[in-house]
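Engineer: Residue numbers (my numbering), protein chains in the order written: chain A, 1 to 290; chain B, 1 to 335.
In this text, a Cβ means the ideal position worked out from N, Cα and C, and glycines have one as well.
Computed from a prediction, not measured in an experiment: that's the story for all the values here.
Below: one structure in structure tokens.
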């Protein structure tokens, strides 16, 4: 039986680890994840001393738009644009902006791995969070060149990514090893290192010509029996279901995967479960002259 | 036409204007600015627009009686609409949400079906409900350990809150001492507008809760559990919000399987002990699961988990240290 055509539109093919971006579970996961990560990091721009000086902001690979919507609510003077290659994500993000009556944020369907449909020097701040999910190693220099182009001279490029979480759950740690294996084989990370792309962020910025490159580390902790711990467990519960096709494609899916998944879910509900997820924000300013 | 008396209305608005928090709440919920309120208070505006009057009443449920009394003194024929017709329900329930929900219901894998349907509904609700520190709770009927036994308790199985990340979040058993249990027993929605003043309906004392609403999750006259909304504000539940929450309770039936619904005649909830007593029993859950699995290799993990919950429920229903000196069950502190 042929696959029916969705009259609302089709998503672009992307290199995102979650193969089916129209998957409503993945959308749900990202919407839930946005909230506890931004809050855990102390807000959308916790490292910036005075965000009121920023006016035009771009979020690349915005997903369900949570980071941008938080920013739009906190700083109504900003004009914000989110782009994502997934039509489903953009539709959801736009709907959230409407329901919150936010008129200073728009979302556009755009693939970050192609030339961006913005004029030179358009933005004061460009944000890109957890881009290692869709970026191959070779993509970073190309995209950063493009981000420097659309940034105004002296604007900020901000990259946020995370190490692989560590925990006291053996089954969950094992799932993370499979994820790491798949990320490595697919070319998203350089080596089988739980730090993932994090050690390279500052280097990417410097190589693109950014100056005053700085980093801030956010060690986020999750304990069972707290709001954060429960949010984290939900994220993992959904992630390791939607990730199955990617693990399969890269040959990292093991025969005991279902058992491992069940054990991990069970261990994460134990009262003494705790995990640490280290996020790193790296940012730099684009050259004044080009 | 009788003479309009706006004096008490203007006095009340002046009083409200003294509290910046209230002014901000009015701005957020009713889109009425401080300047407009000042014009009402001073009498510069002779007769405020009736739609705006309905909006301010809806925005401040705690002041509903005072506002209604002051407004009807000036406009005797003023009637507060049960449902705010100035706002279309499609804002709360956009078409794309329905499509996503049905897609999730149809396509999410079996082992995450319940969670994904539940989270889709609660996430949507959280994005349209007022940002007021609400907690949404879904409690499910605990399956009886034998077919001839009735349902004795509910167990919290899903929660979503906008409270800080460090806040505790536990999943408890609830019985007829709770608003949820009472609603399930009677198969009827209940709202408590101020838990500190409530004298009729049972309410478990929960930190920070001032008002609560409970809606049974029903299908074909049978009940699977209860949807509870807890608010830190008294008089939070406006007629419109009650309607919106009721619709979400209807939607939550999608998360449950047919066999998880019970006829009202087979539900006989008992009181469940206080949180601190439950806590020690809940800690043993994972060990019990492991024990059941090692004893019977034919059990699936889901079956072992169900048996573990049933065993904990059994203990909570009759545990010795839950009894006081007279043999009465020490249950959760209720009003």
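So, at 6 Å on beta carbons, what are the nonlocal neighbours of residue 5 of chain B in its own chain, with the 5 sequence-adjacent residues on each side left out?
Structural biologist: The residue labelled residue 5 of chain B in the question sits at position 5 within the second chain. Closer than 6 Å at Cβ, skipping near neighbours: 73 and 74.
Engineer: Please determine, among B/125, B/44 and B/54, the residue with the shortest C-alpha to C-alpha distance to residue 92 of chain B.
Structural biologist: Taking the first residue of the second chain as 1, we reach residue 92 of chain B at position 92. When only C-alpha atoms are compared, the closest one is B/125.
Engineer: For the structure I just gave you, are there three or more beta carbon pairs, one from the segment 128–148 of chain A and one from the segment 266–274 of chain A, closer than 8 Å?
Structural biologist: Verdict: no, contact absent.
Engineer: Does residue 82 of chain A come within less than 8 Å of chain B when only Cβ atoms are used?
Structural biologist: Sequence index remark: in the first chain, residue 82 of chain A carries index 82 (1-based). By this cut-off, residue 82 of chain A is not an interface position.
Engineer: If we call anything under 8 Å between Cβ atoms a contact, is residue 163 of chain A one with residue 129 of chain A?
Structural biologist: Along the first chain, one-based indexing puts residue 163 of chain A at 163. Along the first chain, one-based indexing puts residue 129 of chain A at 129. Taking 8 Å as the Cβ cut-off, residue 163 of chain A and residue 129 of chain A do not qualify as a contacting pair.
Engineer: What residue from B/31, B/195 and B/289 has the CA that sits closest to residue 59 of chain B's CA?
Structural biologist: Counting from 1 along the second chain, the entry for residue 59 of chain B is found at position 59. The shortest C-alpha separation from residue 59 of chain B is found at B/31.
Engineer: How is residue 287 of chain A classed by DSSP in three states: helix, strand or coil?
Structural biologist: Here residue 287 of chain A refers to the residue found at position 287 of the first chain. Coil at residue 287 of chain A, not helix or strand.
Engineer: So residue 34 of chain B is in the alpha helix (DSSP H); what residue range does that whole segment cover?
Structural biologist: Along the second chain, one-based indexing puts residue 34 of chain B at 34. Residue 34 of chain B -> alpha helix (DSSP H) spans 34–42.
Engineer: With DSSP collapsed to three states, give me the class of residue 44 of chain A.
Structural biologist: Indexing the first chain from 1 puts residue 44 of chain A at position 44. Correct three-state label for residue 44 of chain A: coil.
Engineer: Grouping DSSP H, G and I as helix and E and B as strand, with all else coil, what is residue 14 of chain B?
Structural biologist: Here residue 14 of chain B refers to the residue found at position 14 of the second chain. The answer is helix: DSSP assigns residue 14 of chain B an H, G or I state.
Engineer: The beta strand (DSSP E) that contains residue 135 of chain B, what's its start and end?
Structural biologist: Residue 135 of chain B sits at position 135 when you count from the first residue of the second chain. Residues 135–141.
Engineer: Can a CB atom of chain B be found closer than 8 Å to the CB of residue 28 of chain A?
Structural biologist: Translated into positions along the first chain, residue 28 of chain A becomes position 28. With 8 Å as the cut-off, residue 28 of chain A counts as an interface residue toward chain B.
Engineer: Closer than 8 Å by beta-carbon distance: list the chain B residues that pair up with residue 31 of chain A, in chain order.
Structural biologist: As a working mapping, residue 31 of chain A is identified with position 31 in the first chain. Neighbours of residue 31 of chain A on chain B, chain order: 123.
Engineer: Who are the near neighbours of residue 192 of chain B in its chain, counting only those whose CB is closer than 8 Å to its CB and skipping five residues on each side?
Structural biologist: Translated into the one-based positions of the second chain, residue 192 of chain B becomes position 192. Once the five neighbours on either side are set aside, the close Cβ partners of residue 192 of chain B are 179, 198, 201, 203, 211, 212 and 213.
Engineer: Please list the partners that residue 161 of chain B has in chain A, where partner means a Cβ-to-Cβ separation under 7 Å.
Structural biologist: Here residue 161 of chain B refers to the residue found at position 161 when the second chain is read from its first residue. Simply 227.
Engineer: Quick check on residue 4 of chain B: does DSSP put it in helix, strand or coil?
Structural biologist: Taking the second chain and counting its residues from 1, the one referred to as residue 4 of chain B is at position 4. In this structure, residue 4 of chain B counts as coil in the three-state DSSP scheme.
Engineer: Against residue 296 of chain B, what residues of chain A qualify as contacts under a CB-to-CB distance less than 8 Å, listed in chain order?
Structural biologist: Residue mapping note: residue 296 of chain B aligns to position 296 of the second chain, counting from 1. Correct list: empty, because the minimum Cβ distance to chain A is about 16 Å.
Engineer: Give every residue of the same chain whose Cβ lies closer than 6 Å to the Cβ of residue 179 of chain A, excluding the five residues on either side of it in the sequence, and list them in chain order.
Structural biologist: Translated into the one-based positions of the first chain, residue 179 of chain A becomes position 179. Excluding sequence neighbours, residue 179 of chain A sits near nothing in its chain.
Engineer: Just grab the DSSP bridge partners of residue 155 of chain B for me.
Structural biologist: Start at 1 with the first residue of the second chain, and residue 155 of chain B comes out as number 155. Residue 155 of chain B is bridged to B/140 and B/173.
Engineer: Tell me the rounded alpha-carbon separation between residue 73 of chain A and residue 159 of chain A.
Structural biologist: The residue you call residue 73 of chain A lines up with position 73 of the first chain. The residue you call residue 159 of chain A lines up with position 159 of the first chain. Rounded to the nearest angstrom, the two C-alpha atoms are 21 Å apart.
Engineer: Is residue 134 of chain B buried or exposed, if buried means 16 or more other CB atoms sit within 10 Å of its CB?
Structural biologist: Translated into positions along the second chain, residue 134 of chain B becomes position 134. By the 10 Å Cβ count, residue 134 of chain B comes out buried.
Engineer: Considering just the uninterrupted stretch of the alpha helix (DSSP H) at residue 24 of chain B, what are its terminal residues?
Structural biologist: Within the second chain, the letter at position 24 stands for residue 24 of chain B. Taken as a continuous stretch (DSSP letters only), the alpha helix (DSSP H) holding residue 24 of chain B covers 20–30.
Engineer: Could you check the C-alpha separation between residue 152 of chain B and residue 23 of chain B for me, to the nearest Å?
Structural biologist: Within the second chain, residue 152 of chain B is the residue found at index 152, counting from 1. Within the second chain, residue 23 of chain B is the residue found at index 23, counting from 1. Rounded to whole angstroms, residue 152 of chain B to residue 23 of chain B spans 46 Å at the Cα level.
Engineer: Using DSSP with H/G/I as helix, E/B as strand and the rest coil, what is residue 215 of chain B?
Structural biologist: Here residue 215 of chain B is taken as the residue at index 215 of the second chain, counted from 1. If DSSP states are grouped into helix, strand and coil, residue 215 of chain B belongs with the strands.
Engineer: Using a Cβ-Cβ cutoff of 9 Å, what residues of the segment 37–59 of chain A are near chain B? List them in chain order.
Structural biologist: Answer set for the segment 37–59 of chain A: 39 and 40.
Engineer: Using CA coordinates, which residue listed in B/106, B/270 and B/232 is at the minimum distance from residue 130 of chain B?
Structural biologist: Taking the second chain and counting its residues from 1, one reaches residue 130 of chain B at position 130. Of the listed residues, the one whose Cα sits closest to residue 130 of chain B is B/232.
Engineer: Taking 7 Å as the line, does the beta carbon of residue 243 of chain A fall inside it for any heavy atom of the ligand ADP?
Structural biologist: Summarising the ligand content, the structure contains no ligands, and the ligand ADP is consequently not present.
Engineer: Within the segment 184–258 of chain A, note down every full alpha helix (DSSP H) run reaching 4 residues or more, in order along the chain.
Structural biologist: The segment 184–258 of chain A contains these whole alpha helix (DSSP H) runs: 201–207, 227–242 and 244–249.
Engineer: For residue 96 of chain A, count the other beta carbons within 10 Å of its own beta carbon; 16 or more makes it buried, fewer makes it exposed. Which is it?
Structural biologist: Counting from 1 along the first chain, the entry for residue 96 of chain A is found at position 96. Its Cβ being crowded by 16 or more others within 10 Å, residue 96 of chain A is buried.
Engineer: Would you say the segment 258–265 of chain A touches the segment 219–228 of chain A, given that touching needs at least three Cβ pairs under 8 Å?
Structural biologist: Taking 8 Å as the limit for Cβ pairs, the verdict is that the segment 219–228 of chain A does not touch the segment 258–265 of chain A.
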